[in-house]
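> Protein chains in written order, with this note's numbering: chain A, 1 to 318; chain B, 319 to 636. In this text, a Cβ means the ideal position worked out from N, Cα and C, and glycines have one as well.
Protein chains: 2
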Amino acid sequence: MSELVEKLTSGDKRALARVITIVEDGGPNATSIMREVCKHLKNPHVIGVAGPPGVGKSTLIDCLITEYRKMGKRVGVVAVDPTSPLTGGALLGDRVRMQKHALDDGVFIRSMASRGAMGGLSRAIGAVIHAMDAFGADVIIVETIGGGQLDIDVSNYAHTVVAVLQPFSGDEIQMMKAGLMEVADLFVVNKADLPGAEQTIRMIFDAVRESGRRRGWLPPIVKTSAAMGEGIKEVVEAIERHWKHLVETGLIDERRKRFAKAEIVDIAYQRLRDELSRFASSEEMDGLAERVVYGANPYEVADEVLYLLSERLLSKKP
Amino acid sequence: MSELVEKLTSGDKRALARVITIVEDGGPNATSIMREVCKHLKNPHVIGVAGPPGVGKSTLIDCLITEYRKMGKRVGVVAVDPTSPLTGGALLGDRVRMQKHALDDGVFIRSMASRGAMGGLSRAIGAVIHAMDAFGADVIIVETIGGGQLDIDVSNYAHTVVAVLQPFSGDEIQMMKAGLMEVADLFVVNKADLPGAEQTIRMIFDAVRESGRRRGWLPPIVKTSAAMGEGIKEVVEAIERHWKHLVETGLIDERRKRFAKAEIVDIAYQRLRDELSRFASSEEMDGLAERVVYGANPYEVADEVLYLLSERLLSKKP
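Here it is, written out as C-alpha cells:
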C-alpha cells in the first residue's frame, strides 16, 4: 500500500487511477490507503463547475485545462455523473471531448458515478480529491453533470463554485435561485454569441444583487464562447481573484470546513446505507417483516432495526 | 388521537387527510398514530402503476378509478412524485385530470413527494397505504411519476405491478429490462392507436418470455387507449386475475413480506438520515471537521461519527 502511495506522490498517473479505484470500492482498504494519502496533502484550489445539462460545461472545462496547463499547473478533473440510464449516452459524448488531454502527464481526468436517484453522492468524492492532491494537482476541477440538487451537494467540495449558464428564459433563473444561485461564486454565460446573452447577464445581475449576503464578494459574471475559446482567460482571472479573496479574508478556512463536513457526512451516510441494506437481506429482517405483516407497528419495528444496527456498529468499535 | 383514528375508520376523508399529514411529518406522533391505525388493517389489494413519464399513467388511473367505482369499491390513490424542479409543472397538470373524483366520498387521492434525488422514498408511503386501508379502501393504487429507479422502489409496496408503456423504440425496452420488466406483473400498452403498437407488444412479449421465472404467471399484455376509455375493463380483469393468482398460490404472503421489508427499511433509513443531518450541524461536527482539515483520515472520523450516532440512538432505547 505504501509503495502505491509513494508512486502516487511522485506523480504516477497509473498509481492515481489505482488509488481512486480502491477508495471508490470503500471498506477497510479505502480507510487504510486514505491514512497514507492524508499525510501528503497540500490542499490546492478546488473549482466546482455546475449548471444545467447542455450549457457547455465540458467544453469550458476543456478550455480551462488548456489555460491552466499554459500556466504550468497540473490539473485534476473529477466529473460527477448522476448515472441516469436515460441520459447516459449523451454524457459519454461530452466526456470524449476532454480526452485530448489524456496523454498529457499533467492532466488527470476521472468520471465517477454519483449513486443515482436513490444514493446521493458517492462517498468517494472527497477521497478522490485528496488523491489528486497527493498526486500533485495544483488545481482540481469538479464538474457536475446532473444539475439540480447534485450541483448543490458537489459545491460543498469546491472552494470556488462556477455556475455555467447560457442565454435562456426566466424559468431557469427561478430554478437557479432555488439553489445554485445561492452558492455560486462566479457566473459564466456561455454561448454568449446566441441571442439574449445581455438580457441573461442582466437577470443574473439582478438575482445576485437581490440575494445579497456575500461578505465583500460580488460574484462576477463572465461571457464566454467556449467552443471558440473566447472569454476563457477572463474566467481563469475571475477564479484566481476569488481564490485570493478567500485566502486574504480567511474565508478559505470556512470553505475547507464545509468540504470536511460534507466528506464526513457522505462517508458516514453511505456506510449506514450499506449496513442497512445488508441487514435488509438477513434472516432477522424476515422475522421483523412478518411481525409487520401480522399488524405490528412498522415505526416501532424500524426502531428495533436501528437499535440492532447501532449495537452491531458499536461492537466493531476498536 | 384515538378520536381521529375512529373518524378515519368510519370513512371520514378529512380524518384520513389529517392522519396522512401526521405520518408524513414523522416523529413520535407518527409512531403513536400508527399504533392505532395498525389495529384496523384489512390488507386490501395494492396496485402499483409504473412507467416512463408521458405514457398516460394518470389518464389510465382515472379510468381505473371509474371502473372500480362501478364495481362499488372504495379507491385510494397515492401518487409518488420525485419532486424534480425541472418537471414539476407538467406533473401538476396530470394530477388535475384525476380531480373530477375529488367530490366522490369513495375516492381519496393523495400526492406525496419522494425525497428527490438525494432522499429516496419517503418514509411515509407504507403508512399512507395503511391509513387508506384503515379508512376502508378496497383497492389502493400507487402511481410513480418519476420512472426509473423510483418505479422499482415503489413496486415493493404493490401486490400487483402494472407497467404502462406506449408504442416506442427499442431503446426504452432496454431501459425497462434493467428493472421494471423484472417486477411487472402486467403490461399495458397505452395509446395503442398510435403506429407501432403491435411491434411493441411483440417486443414486450419476447422480453417477458426471455426473463422467464414467473412461477405459473405469464404477465399479460393489454392494449388500451385510456384517453378514449378503451381497454380499461380488460386491465381490471387482468389485475383481478393476478390477485386471484396470488391468493390461490399463497404468493400473496411473499408480496406482503416484501411490502413490510420495504416499509421497515424506508422508515429506518430516513431516521438515520435525520439523525445524521442533525449531527452534521452540531458543534461536535465542527470539531471533527477541523480535524479533517488538518489532515485526519476522513474515513476514521466518519467511523467516530457512526459510533456517536449509535450511542445516541441506543440511549433512546426504552
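In the DSSP assignment, the beta strand (DSSP E) including V373/B goes from what residue to what residue?
That residue, V373/B, is in no beta strand (DSSP E); it is neither H nor E in DSSP.
> Compare the C-alpha of R69/A against each of V107/A, D81/A, K100/A, V293/A and name the closest.
Comparing Cα-Cα distances from R69/A to each of V107/A, D81/A, K100/A, V293/A, the minimum goes to V107/A.
> Using the Cα positions of D104/A and T66/A, report the straight-line distance between them to the nearest angstrom.
11 Å
> Using a C-beta to C-beta distance shorter than 7 Å, which residues of chain D count as neighbours of Y617/B?
Included in the structure are the protein chains A and B, with no chain D among them.
> Looking at the unbroken beta strand (DSSP E) that takes in M228/A, where does it start and where does it end?
Premise fails: M228/A is in no beta strand (DSSP E) and is neither H nor E.
> Check the Cβ of K608/B against every Cβ in chain A and list those closer than 8 Å, keeping chain order.
Inspection of the sequence shows that residue 608/B is occupied by Glu rather than by Lys. Simply K257, A260.
> For H45/A versus V139/A, is the C-beta spacing smaller than 7 Å?
yes
> Under 7 Å between the Cβ atoms of T462/B and H560/B?
no
> If you drop the 5 nearest sequence neighbours on each side, which residues of the same chain put their C-beta closer than 7 Å to that of P298/A?
These residues qualify, in order along the chain: V292.
> Please determine, among V460/B, S320/B, A455/B, K634/B, the residue with the shortest C-alpha to C-alpha distance to S376/B.
V460/B
> Which residues does DSSP pair with S111/A in a beta bridge?
A79/A
> Which two residues bound the contiguous alpha helix (DSSP H) that contains I323/A?
Absent from the structure is residue 323/A, since the part of chain A shown begins at 1 and ends at 318.
> Mapping the DSSP letters down to three states, classify A502/B as helix, strand or coil.
coil
> So, is the C-beta of I264/A closer than 7 Å to a C-beta in chain B?
For I264/A, the answer is yes, since a Cβ of chain B falls inside 7 Å of its Cβ.
> DSSP three-state call for L626/B: helix, strand or coil?
Under the three-state reduction of DSSP output, L626/B falls in the helix class.
> Once DSSP output is grouped into helix, strand and coil, what is the label at G534/B?
It is coil, neither helix nor strand.
> Measure from the C-beta of Y294/A to each C-beta in chain B and report whether the shortest distance is under 7 Å.
no
> Please compile the residues from chain A whose C-beta is within a distance smaller than 9 Å of the C-beta of M261/B.
Nothing in the structure corresponds to residue 261/B, since chain B is present only between 319 and 636.
> Can you confirm whether A117/A, when its beta carbon is compared against all beta carbons of chain B, has any partner nearer than 7 Å?
With a pLDDT of 40 at A117/A, under the threshold of 50, the predicted position of this residue should be treated as unreliable, and no value is reported.
> When you compare only the Cα positions, how much space is there between T21/A and L627/B?
29 Å
> What in chain A is Cβ-close to A620/B, meaning under 7 Å?
I264, I267, A268, R271
> When you compare the CB of A15/A with every CB in chain B, is at least one pair closer than 7 Å?
no
> What did DSSP end up calling L103/A once you bin it into helix, strand or coil?
coil
> Excluding five sequence neighbours on each side, which residues of the same chain lie with their C-beta closer than 8 Å to the C-beta of D274/A?
G26
> With a CB to CB cut of under 6 Å and the five nearest residues on each side skipped, what residues in its chain are close to R258/A?
N156
> Use the C-beta contact count for L334/B: other C-beta atoms within 10 angstroms, 16 or more gives buried, fewer gives exposed.
That one is buried.
> So is N508/B buried or exposed if we call it buried at 16+ other beta carbons inside 10 Å?
By the 10 Å Cβ count, N508/B comes out buried.
> Going along chain B, which residues have a C-beta under 7 Å from V305/A?
I582, A586
> DSSP has A163/A in a bridge; who is on the other side?
Under the DSSP definition of a beta bridge, A163/A partners with A50/A, F187/A.
> Is the shortest distance between the beta-carbon of C38/A and the beta-carbons of chain B less than 7 Å?
yes
> Cβ closer than 7 Å: which chain B residues qualify as neighbours of A280/A?
Among the residues of chain B, those whose CB is under 7 Å from the CB of A280/A are K579, V583, following chain order.
> Based on Cα-Cα distance, which residue from D266/A, E284/A, E182/A, E254/A lies nearest to G51/A?
Taking the Cα of G51/A as reference, the smallest distance to any Cα among D266/A, E284/A, E182/A, E254/A is reached at E182/A.
> Does DSSP put I145/A in a helix, in a strand, or in coil?
Correct three-state label for I145/A: coil.
> With a cut-off of 7 Å, does the C-beta of G444/B fall near any C-beta of chain A?
yes
> Thinking C-alpha only, which one of G216/A, R312/A, V305/A is nearest D286/A?
V305/A
> Quick test of your reading: Y587/B and L276/A, contact by CB under 8 Å. State the CB separation rounded to the nearest angstrom.
6 Å
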